[in-house]
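Working notes, structure below.
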Amino acid sequence: MDGYALPLYEEVMLLALHDTKGTLARPAGDVAVAAAAISELEWSGRIELEGPKAFVDLVDASPTSDLVLDAVLDRLSAGKRRARLSTWLMRIAGIKDLRHIVARQLVADGVLVVHEKSFLSFDLSVYPELNPLPEQLVVERIRQAVVSEGMKVDGRTARLIGLADATWLLRKVLPGKEKRQHKARIKEMRSGDAVSLAAGHAVAAMSA
11 MDGYALPLYE EVMLLALHDT KGTLARPAGD VAVAAAAISE LEWSGRIELE GPKAFVDLVD
71 ASPTSDLVLD AVLDRLSAGK RRARLSTWLM RIAGIKDLRH IVARQLVADG VLVVHEKSFL
131 SFDLSVYPEL NPLPEQLVVE RIRQAVVSEG MKVDGRTARL IGLADATWLL RKVLPGKEKR
191 QHKARIKEMR SGDAVSLAAG HAVAAMSA
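In our numbering, the protein residues as written are 11 to 218.
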């Protein structure tokens, strides 16, 4: 994780969850988690993104000991045809219980708490925040990178900001007017990022 306390998919999960209700912004949250997991696999050399259309090539499908990444690798391994990243993000976002695996890891670490609720004939799990510090650190990192115009931003933080922007989660950190004030800076950090671009396409397609 390059020195960061949380994997990227947990960072975006904290942004996607409502702090008190514990509900997930969907489909944006699911796509953000999928894109963050893909990012971790790309950085660790497990996958490669090829060409301007960002086709996903699986390089190493061996287990990682990370439940989230292994679930994504299993889904990639089951693919019969080469596909674009935006297509894979929609498929990965649909993995059964993936969001719950991520959330329950945060429960185990004392960051979230799980509440079981019933709605009509359905049982629902929600994950309100128990310890706000990890999310506060993520939010502060994003804010500092965006508002500090001359600051050099590492690739991981730039990807976090790009994904948050592409999946509509950045508004939680930079509401309305403030986000517009730093539009050029955000665009600069997203420039050339195939994963953030694909995430935006996936959210748009799933929201149509």
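Glycine included, every Cβ here is placed at the ideal spot set by N, Cα and C.
**Message:** Taking 9 Å as the threshold (C-beta atoms), are L27 and A35 in contact?
**Reply:** yes
**Message:** Comparing C-alpha positions only, which one of G55, K106, A93 and E60 sits nearest to L77?
**Reply:** K106
**Request:** Could you check how far apart the C-beta atoms of V43 and V112 are, in whole angstroms? I think they sit under 8 Å.
**Result:** 6 Å
**Item:** Nearest residue (CA-CA) to V22, options P62, I196, V136 and V148
**Value:** V148
**Item:** Inter-residue spacing [alpha-carbon to alpha-carbon] between V123 and R153
**Value:** 26 Å
**Prompt:** What are the boundary residues of the alpha helix (DSSP H) that V78 is part of?
**Reply:** L77 to S87
**Prompt:** Taking R169 as the reference, which of E159, I196, E145 and L143 has the closest Cα?
**Reply:** I196
**Item:** Rounded separation between A215 and E145 - CA only
**Value:** 28 Å
**Prompt:** With respect to the alpha helix (DSSP H) encompassing V22, which residues constitute its N-terminal and C-terminal limits?
**Reply:** L18 to A26
**Prompt:** What alpha helix (DSSP H) runs, 4 residues minimum, are completely inside the region 63-148?
**Reply:** 77-87, 95-103 and 108-118
**Request:** Please name the residue or residues paired with E60 in a DSSP beta bridge.
**Result:** F65
**Item:** Identity of the residue in R151, D175 and K189 nearest T167 by Cα
**Value:** R151
**Asked** For L184, does the three-state DSSP call read helix, strand or coil?
**Response** coil
**Prompt:** By Cβ distance below 6 Å, which residues in the same chain neighbour T33 in space, the five residues on each side in sequence not counted?
**Reply:** V136
**Asked** Does the region 51-68 come close enough to the region 81-100 that 3 or more CB-CB pairs lie under 8 Å?
**Response** yes
**Closest residue to A38 among G186, M199, W178 and K189 (Cα-Cα distance)** = W178
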